[in-house]
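Participant:
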Amino acid sequence: MPGSLAFYHPTTLEDAIGLLGEHGDEAKVVAGATALTILMRQRLVAPSALVSLGSIPGLDRIEEVDGSLRIGAMVRHRDVELSQIVRARIPVLAETFGKVANVRVRNAATVGGVLAESDYASDPPAVFVALDAEVEVRGPNGERTIPARDFFVAFYETALEPDEIVTGIVVPVPAAGSGTSYHKFVTRSSEDRPCVGVAALVRLAPDGSAADLRVAVGAAAETPQRFPDYEALGRGHVLSDDIVGRVADAYAGAIDTLDDMRGSAWYRTEMVRVWVRRAIESARDAAASGPAAH
Amino acid sequence: MRYLVTLQVNRTSYPVELEVGRTLLSVLRGELGLTGSKEGCDDSECGACMVLIDGRPVNSCSYLALQAAGRQITTVEGLASGTKLHPLQQAFLEHGAVQCGFCTPGMLISATALLAANPDPTEDEIRAGLSGNLCRCTGYVGIVAAVRSAAAELANAD
Chain X
1 MPGSLAFYHP TTLEDAIGLL GEHGDEAKVV AGATALTILM RQRLVAPSAL
51 VSLGSIPGLD RIEEVDGSLR IGAMVRHRDV ELSQIVRARI PVLAETFGKV
101 ANVRVRNAAT VGGVLAESDY ASDPPAVFVA LDAEVEVRGP NGERTIPARD
151 FFVAFYETAL EPDEIVTGIV VPVPAAGSGT SYHKFVTRSS EDRPCVGVAA
201 LVRLAPDGSA ADLRVAVGAA AETPQRFPDY EALGRGHVLS DDIVGRVADA
251 YAGAIDTLDD MRGSAWYRTE MVRVWVRRAI ESARDAAASG PAAH
Chain P
1001 MRYLVTLQVN RTSYPVELEV GRTLLSVLRG ELGLTGSKEG CDDSECGACM
1051 VLIDGRPVNS CSYLALQAAG RQITTVEGLA SGTKLHPLQQ AFLEHGAVQC
1101 GFCTPGMLIS ATALLAANPD PTEDEIRAGL SGNLCRCTGY VGIVAAVRSA
1151 AAELANAD
């Protein structure tokens, strides 16, 4: 690791943003550093400055605000997994964070980190996209929010400017009558990153048809994949095997799947077909089993 | 650039001067001479480097030493009291839970965190609690038995 590397631990966001402005692309933010340390060791990144967020107060809270949960950037994966309020209000989020890697990683890795890293094979991004979450970002010109679906731009690339910092994410609590699911399909070990991960939300109308259907597929392409046109195939319909199959086929046909050691492109396409179907079925069944199954 | 920090390891203060990119594992083993924590995969997969930070298990291979400043670090060296082994260490010996020994420090730290959170775990809970600590020798049976036995021992001691 280069000997010129500098380490900063600012105590305010303003100072942190100023340091990023000063160092530009040469600076990296340290949150949990679970990914950064590995990327540095593999020489995939070689920053000249590290800006730690660890001394900035107020970034590690989970709170309910206006029907949404706001989760601070420095909240650790394990804290989301075990949070009483997350479990009660958006259980799929707690479940998903509990499926990331192993407990040792979850004790260090942060919510802001998994967002800013934009690793295609992380679990939480697909769930955030399915839940219409909004990423809170702070830069020299103040705050802005970016919808999760626009935040992930490409492999390890986000909509963040070089001097912007993720401060948190706001996740709307699903409306009454909704069911949610996240299916993580792994091909190697139980703690591996997913080959394909599918998040779904179904809200049932009183007549049993789907008033809302949302599906986001993670790990299959560079960014989480969501197709409102294909979600519309299910909306307004009873989610029969036939309708669910059509949505799953449409997603399998639309995603330009990638090839890696967890599965070939062809295999991923077939797994998208299978797991989109299962994720919708799980969300549908959760919605049907009552309000407790939010 | 080098920075002077004080690391609190096993209730002892260690002032050290460090390059920024150094991992906690490399500093524990290098400057501090605490070679109980092992470098296995160096990629957050195997658990051999596991330590407790403020009581929570983390991989020291993917944790910056500078991040650990001001936190309480516990390594496997911090488990025994003088020459008296921790009940988990004693149970690992008695149940043949150690073969080559490379995974053992991580297993012991993992089990310590597990029993702190759940003093009377079922076998399934032990297996889940140790998942991600990879052992390539013993096949885990002895390790699980040792943790069960230590849990009982600790409960009796209370």
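The listed protein sequences correspond, in order, to chains X and P. At position 231 of the first sequence (counting the first as 1) the number is 231 in our numbering, and the numbers step up by one without a gap. At position 71 of the second sequence (counting the first as 1) the number is 1071 in our numbering, and the numbers step up by one without a gap. Each residue gets a CB set at the ideal place from its N, CA and C atoms; glycine is no exception.
(1) So, is the C-beta of Asp1158 (chain P) closer than 8 angstroms to a C-beta in chain X?
(2) So, using beta-carbon positions, are Ser55 (chain X) and Pro10 (chain X) closer together than 8 angstroms?
(3) What alpha helix (DSSP H) runs, 4 residues minimum, are completely inside the region 131-187 of chain X?
(4) So that I know if they touch, is there some Cβ in chain X lying closer than 8 angstroms to that of Asn1118 (chain P)?
(5) Identify the continuous beta strand (DSSP E) that holds Asn1156 (chain P) and give its terminal residues.
(6) CB-CB under 8 angstroms to Ser48 (chain X), same chain, minus the five flanking residues each way: which ones, in chain order?
(7) Compute the beta-carbon to beta-carbon distance between Arg226 (chain X) and Ala130 (chain X), rounded to the nearest angstrom, for a pair I have assumed lies under 8 angstroms.
(8) Taking any Cβ of chain X, which residues in the region 1048-1062 of chain P have a Cβ under 7 angstroms from it, in chain order?
(9) Enumerate in chain order the residues of its own chain whose CB-to-CB distance from Pro147 (chain X) is below 6 angstroms, with the five nearest sequence positions on each side excluded.
(10) Please list the segments of the alpha helix (DSSP H) lying wholly inside the region 1040-1093 of chain P, counting only runs of 4 or more residues, in order along the chain.
(11) Compare the C-beta of Glu191 (chain X) against all C-beta atoms of chain P and say whether one is closer than 8 angstroms.
(12) Within 10 angstroms of the Cβ of Phe945 (chain P), are there 16 or more other Cβ atoms? Answer buried if so, exposed if not.
(13) One question on the structure: do Arg106 (chain X) and Arg76 (chain X) come within less than 8 angstroms of each other, judged by their Cβ atoms?
(14) Please determine, among P:Gly1021, P:Val1027, P:Arg1022, the residue with the shortest C-alpha to C-alpha distance to Gln1008 (chain P).
(15) List the DSSP bridge partners of Leu204 (chain X).
(16) Taking C-beta pairs closer than 7 angstroms, name the residues in chain P that Ser4 (chain X) reaches, listed in chain order.
(17) Less than 8 angstroms between the C-beta atoms of Val247 (chain X) and Val276 (chain X), yes or no?
(18) What is the DSSP secondary structure of Tyr267 (chain X), counted as helix, strand or coil?
(19) Suppose contacts are defined by Cβ-Cβ distances below 8 angstroms. Is Leu69 (chain X) in contact with Val173 (chain X) by that definition?
(20) Hey, how far is the Cα of Gln1099 (chain P) from the Cα of Thr1138 (chain P)?
(21) Compute the Euclidean distance between the alpha carbons of Ser1060 (chain P) and Ala205 (chain X), then round it to the nearest angstrom.
(22) Beta-carbon of Asp1042 (chain P) versus every beta-carbon of chain X: anything under 8 angstroms?
(23) Taking Cβ-Cβ distances below 8 angstroms as the criterion, which residues of the region 1017-1042 of chain P are in contact with chain X?
(24) Under DSSP, the alpha helix (DSSP H) around Pro1105 (chain P) begins and ends at which residues?
(25) Between Ala254 (chain X) and the rest of its own chain, which residues show a CB-CB distance below 6 angstroms, the 5 nearest in sequence each way excluded?
(26) Closer than 8 angstroms, Cβ to any Cβ of chain X: which residues of the region 1132-1152 of chain P, in chain order?
(27) Find the nearest neighbour of Glu1125 (chain P) within the set P:Val1147, P:Gly1036, P:Gly1040, judged by alpha-carbon distance.
(28) How big is the Cα-Cα spacing for Arg273 (chain X) and Tyr251 (chain X)?
(29) Can you check whether the C-beta of Met1 (chain X) is within less than 8 angstroms of a C-beta belonging to chain P?
(30) When Cβ atoms are compared, which residues of the region 1058-1087 of chain P fall closer than 8 angstroms to chain X?
(31) Given a threshold of 16 other Cβ atoms within 10 Å of its Cβ, counted over all protein chains shown, does Leu1004 (chain P) qualify as buried or as exposed?
(32) Can a CB atom of chain P be found closer than 8 angstroms to the CB of Ser209 (chain X)?
(33) Span of the alpha helix (DSSP H) holding Thr96 (chain X)?
(34) Taking the beta carbon of Asp66 (chain X) as the centre, do at least 16 other beta carbons fall within 10 Å, making it buried, or is it exposed?
(35) Could you tell me if Val103 (chain X) is buried or exposed, where buried requires 16 or more neighbouring beta carbons within 10 angstroms of its beta carbon?
(36) Taking Cβ positions only, does Ile165 (chain X) come closer than 8 angstroms to chain P?
Facilitator: If we stick to the structure as given:
(1) Here residue 1158 (chain P) refers to the residue found at position 158 of the second sequence. Not an interface residue.
(2) As a position in the first sequence, residue 55 (chain X) is number 55, starting the count at 1. As a position in the first sequence, residue 10 (chain X) is number 10, starting the count at 1. Closer than 8 angstroms, so yes.
(3) 148-151
(4) Residue 1118 (chain P) sits at position 118 when you count from the first residue of the second sequence. So, not an interface residue.
(5) Counting from one through the second sequence, the residue named residue 1156 (chain P) turns up at place 156. Run containing Asn1156 (chain P): none in the beta strand (DSSP E); it sits in the alpha helix (DSSP H), 1141-1157.
(6) The sequence position of residue 48 (chain X) within the first sequence is 48, counting from 1. Hits under 8 angstroms: Pro2, Ser4, Leu5, Ala6, His23, Glu26, Ala27.
(7) Taking the first sequence and counting its residues from 1, the one referred to as residue 226 (chain X) is at position 226. Taking the first sequence and counting its residues from 1, the one referred to as residue 130 (chain X) is at position 130. Indeed they touch by this definition, with Cβ atoms about 7 angstroms apart.
(8) Met1050, Arg1056, Pro1057, Val1058, Asn1059, Ser1062
(9) Walking along the first sequence from the start, residue 147 (chain X) turns up at place 147. Here the set comprises Glu134.
(10) none
(11) On the first sequence, position 191 is the one that residue 191 (chain X) refers to. With 8 angstroms as the cut-off, Glu191 (chain X) counts as an interface residue toward chain P.
(12) Residue 945 (chain P) lies beyond the stretch modelled for chain P, which goes from 1001 to 1158, so this question has no answer here.
(13) What you label residue 106 (chain X) is simply residue 106 of the first sequence in a count that begins at 1. What you label residue 76 (chain X) is simply residue 76 of the first sequence in a count that begins at 1. Yes, the pair counts as a contact, with Cβ atoms nearer than the cut-off.
(14) Here residue 1008 (chain P) refers to the residue found at position 8 when the second sequence is read from its first residue. The shortest C-alpha separation from Gln1008 (chain P) is found at P:Val1027.
(15) To locate residue 204 (chain X), count along the first sequence from 1; it is residue 204. DSSP lists X:Ala210 as partners of Leu204 (chain X).
(16) Position 4 of the first sequence, counted from the first residue, corresponds to residue 4 (chain X). The answer, in chain order, is Met1001.
(17) In the first sequence, counting from the first residue as 1, residue 247 (chain X) sits at position 247. In the first sequence, counting from the first residue as 1, residue 276 (chain X) sits at position 276. In this structure, Val276 (chain X) lies closer than 8 angstroms to Val247 (chain X) by Cβ.
(18) Stepping through the first sequence from its first residue, residue 267 (chain X) is reached at position 267. It is helical.
(19) Position 69 of the first sequence, counted from the start, is the residue given in the question as residue 69 (chain X). Position 173 of the first sequence, counted from the start, is the residue given in the question as residue 173 (chain X). Cβ distance < 8 angstroms, so Leu69 (chain X) and Val173 (chain X) count as in contact.
(20) Position 99 of the second sequence, counting from 1, holds the residue named residue 1099 (chain P). Position 138 of the second sequence, counting from 1, holds the residue named residue 1138 (chain P). Using only the alpha carbons, I get a separation of about 6 angstroms.
(21) Counting from one through the second sequence, the residue named residue 1060 (chain P) turns up at place 60. Counting from one through the first sequence, the residue named residue 205 (chain X) turns up at place 205. Those two C-alpha atoms are separated by around 50 angstroms.
(22) Locating residue 1042 (chain P) in the second sequence gives position 42, counting from the first residue. Yes, its Cβ sits closer than 8 angstroms to a Cβ of chain X.
(23) Glu1019, Val1020, Gly1021, Arg1022, Thr1023, Asp1042
(24) Residue 1105 (chain P) sits at position 105 when you count from the first residue of the second sequence. Element bounds for Pro1105 (chain P): 1104-1117.
(25) Taking the first residue of the first sequence as position 1, residue 254 (chain X) is located at position 254. Closer than 6 angstroms at the Cβ level, and outside the excluded window around Ala254 (chain X), lie Phe227.
(26) Gly1132
(27) Your numbering for residue 1125 (chain P) matches position 125 in the second sequence. Answer by Cα proximity: P:Val1147.
(28) In the first sequence, the residue the question calls residue 273 (chain X) occupies position 273. In the first sequence, the residue the question calls residue 251 (chain X) occupies position 251. Spanning the two alpha carbons is a distance of roughly 7 angstroms.
(29) Against the first sequence, residue 1 (chain X) aligns to sequence position 1. The predicted model places Met1 (chain X) with a pLDDT of 46, which falls under 50 and marks its position as unreliable, so this point remains unresolved.
(30) Val1058, Asn1059, Cys1061, Ser1062, Tyr1063, Leu1064, Leu1066, Gln1067
(31) Looking up residue 1004 (chain P) in the second sequence gives position 4. Burial call: exposed.
(32) In the first sequence, the residue the question calls residue 209 (chain X) occupies position 209. No, because no Cβ of chain P sits closer than 8 angstroms to the Cβ of Ser209 (chain X).
(33) Against the first sequence, residue 96 (chain X) aligns to sequence position 96. Run containing Thr96 (chain X): 91-98, per the alpha helix (DSSP H) assignment.
(34) On the first sequence, residue 66 (chain X) is found 66 positions in, with the first residue counted as 1. By the 10 Å Cβ count, Asp66 (chain X) comes out exposed.
(35) Working through the first sequence from its first residue, we reach residue 103 (chain X) at position 103. The residue in question, Val103 (chain X), is buried, as its Cβ has 16 or more Cβ neighbours within 10 Å.
(36) Taking the first residue of the first sequence as 1, we reach residue 165 (chain X) at position 165. No, Ile165 (chain X) lies away from the interface with chain P (no Cβ there is under 8 angstroms from its Cβ).
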